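What the sequence shown shows, in the working numbering, is residues 991 to 1282, in sequence order. Written out below as structure tokens is the structure these notes cover.
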Amino acid sequence: MKPAAFEYHAPATVEEAAALLAELGDQAKLIAGGQSLVPMLALRLAVFDHLVDVSRTAGLRGVRRESGGALWIGAGTTQAAIERSAEVAEAVPLLARATPLIGHFQIRNRGTLGGSIAHADAAAEYPAVAVTLDAELEAVSAAGARTIPSAKFFLGQWTTELGADEVLTGLRFPVWRGRTGFAVEEFARRHGDFAIAGAAIAVELDPDDRIRRCGIGLFGLGSKPERATAVEAELIGRHLADVAADEVGRAAISGLGPCAADLHGSAEYRARVGAAVVARGWQRALREAGDG
């Protein structure tokens, strides 16, 4: 099939893009890499009268360190650029390790950070990384700019806090220092497929091998990326030798409620796989932090 007819717009600036969205209303849709939107348009699962292409819009690409120590990445930055970036690998290892798991290299050449975040697929890696690290999202509309905490951004499958008239311009990731370890673990039927269950893990140890802070993000298990905050709180202050990875995995999943069920697996199956990937990721991250 082919997409329904639409009018194409290519704004030069973010302000122009926001003005177009405000003017055109619900009949307009942003497109960046198009790796999610184009197939939906081709199958006519989505129809819009106007497409606003921000793939060449100024100010939406790039990686930079900020004075407060955070790393800012433009929403239009391609996944391939993130994968190649030594600065991302050094400052936000969790994001760098999640990137090769996204689709295939052809997809990553076009797909963007902001596109994945705004699409908000519950089985996608980038949304889970953003939630795990407490990233902040920057958005611009004709009314001005605002910052949205990642914890409040994802509302459900393909549903976010982003307004229809807003352009996602970038994400700000905190940079973890000290004795830190990171891991992304997922189970998919084939490499590049969306995960049946996945976990993004970050942990920091103090000099006495006690857990100073940690983040446990979960994806593919519900309608949005989740954070096992109750389990994280219980782990703070515990010695790494007193924490069993299987215990962490079971506790993280039990706090979620019923897992999603579909053709790829029942809720019970996803829960078992989810506990296993959390445990495996926890072991890897803790080992890295201890070695550091």
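Beta carbons: idealized from backbone N, C-alpha and C, even for Gly. For clarity, every value in this text was computed on a predicted model and none was experimentally measured.
Cα separation between residue 1013 and residue 1228?
In the sequence shown, counting from the first residue as 1, residue 1013 sits at position 23. In the sequence shown, counting from the first residue as 1, residue 1228 sits at position 238. Taking the straight line from one Cα to the other gives about 54 Å.
Beta-carbon separation of residue 1212 and residue 1112 under 9 Å?
Stepping through the sequence shown from its first residue, residue 1212 is reached at position 222. Stepping through the sequence shown from its first residue, residue 1112 is reached at position 122. Result yes, Cβ atoms of residue 1212 and residue 1112 sit closer than 9 Å.
So, with DSSP's three-state summary, where would you put residue 1019?
Reading the sequence shown from its first residue, position 29 is the one you call residue 1019. Strand at residue 1019.
Given that a residue counts as buried once 16 or more other Cβ atoms are within 10 Å of its Cβ, and exposed if not, what is residue 1258?
Taking the first residue of the sequence shown as 1, we reach residue 1258 at position 268. Exposed: under 16 other Cβ atoms inside 10 Å.
What is the rounded straight-line gap between the Cα of residue 1109 and the Cα of residue 1239?
Your numbering for residue 1109 matches position 119 in the sequence shown. Your numbering for residue 1239 matches position 249 in the sequence shown. Between residue 1109 and residue 1239, the C-alpha separation is close to 27 Å.
Flag this pair as yes or no: are the beta carbons of residue 1121 and residue 1187 separated by less than 9 Å?
The residue given as residue 1121 occupies position 131 in the sequence shown. The residue given as residue 1187 occupies position 197 in the sequence shown. Cβ atoms of residue 1121 and residue 1187: not closer than 9 Å.
Nearest residue (CA-CA) to residue 1033, options 995, 1065, 1006:
To locate residue 1033, count along the sequence shown from 1; it is residue 43. Cα-wise, what sits closest to residue 1033 is 995.
To the nearest whole angstrom, what separates the beta carbons of residue 1066 and residue 1022, a pair I think is in contact under 8 Å?
Counting from 1 along the sequence shown, the entry for residue 1066 is found at position 76. Counting from 1 along the sequence shown, the entry for residue 1022 is found at position 32. Indeed, because the Cβ distance is near 6 Å, the residues count as touching under 8 Å.
Apart from the five residues just before and just after residue 1218, which ones in its own chain have a Cβ nearer than 7 Å to its Cβ?
For the purposes of this step, residue 1218 is taken as residue 228 along the sequence shown, with counting starting at 1. Closer than 7 Å at the Cβ level, and outside the excluded window around residue 1218, lie 1206, 1208, 1242, 1245.
Just checking my contact of residue 1279 with residue 1171 at CB under 8 Å: how many whole Å lie between their CB atoms?
Position 289 of the sequence shown holds residue 1279. Position 181 of the sequence shown holds residue 1171. Between residue 1171 and residue 1279 the Cβ distance is about 3 Å, and since that is below 8 Å, they are a contact.
What is the DSSP secondary structure of residue 1038, reduced to helix, strand or coil?
Counting from one through the sequence shown, the residue named residue 1038 turns up at place 48. It is coil, neither helix nor strand.
Considering only their Cβ atoms, is the gap separating residue 1100 from residue 1068 smaller than 9 Å?
Position 78 of the sequence shown holds residue 1068. Position 110 of the sequence shown holds residue 1100. Annotated as proximal: residue 1068 and residue 1100, with beta-carbon spacing under 9 Å.
What residue ranges within the segment 1087-1169 form continuous alpha helix (DSSP H) runs of no fewer than 4 residues, ordered along the chain?
1095-1100, 1103-1109, 1115-1122, 1140-1143
Reference residue 1057; option with closest CA among 1281, 1249, 1254, 1164
Mapped onto the sequence shown, residue 1057 falls at position 67. The candidate whose alpha carbon is nearest that of residue 1057 is 1164.
Relative to the C-alpha of residue 1248, which candidate in 1223, 1270, 1267, 1214 has its C-alpha closest?
Taking the first residue of the sequence shown as 1, we reach residue 1248 at position 258. Of 1223, 1270, 1267, 1214, the residue nearest in Cα terms is 1214.
Integer-rounded CB distance, given that residue 1138 should sit under 8 Å from residue 1115:
For this step, residue 1115 is matched to residue 125 along the sequence shown. For this step, residue 1138 is matched to residue 148 along the sequence shown. The pair is not a contact, with the Cβ atoms about 19 Å apart (cut-off 8 Å).
Measuring CA to CA, which of 1005, 1077, 1016 is closest to residue 1131?
Within the sequence shown, residue 1131 is the residue found at index 141, counting from 1. Of the candidates 1005, 1077, 1016, the one whose C-alpha sits nearest the C-alpha of residue 1131 is 1005.
Give every residue of the same chain whose Cβ lies closer than 8 Å to the Cβ of residue 1064, excluding the five residues on either side of it in the sequence, and list them in chain order.
As a working note, residue 1064 is residue 74 in the sequence shown. Correct list, in chain order: 1049, 1050, 1051, 1052, 1053, 1103, 1104, 1159, 1160.
Which term fits residue 1226, buried or exposed, when burial requires 16 or more other beta carbons within 10 angstroms of its beta carbon?
Your numbering for residue 1226 matches position 236 in the sequence shown. So residue 1226 ends up on the exposed side.
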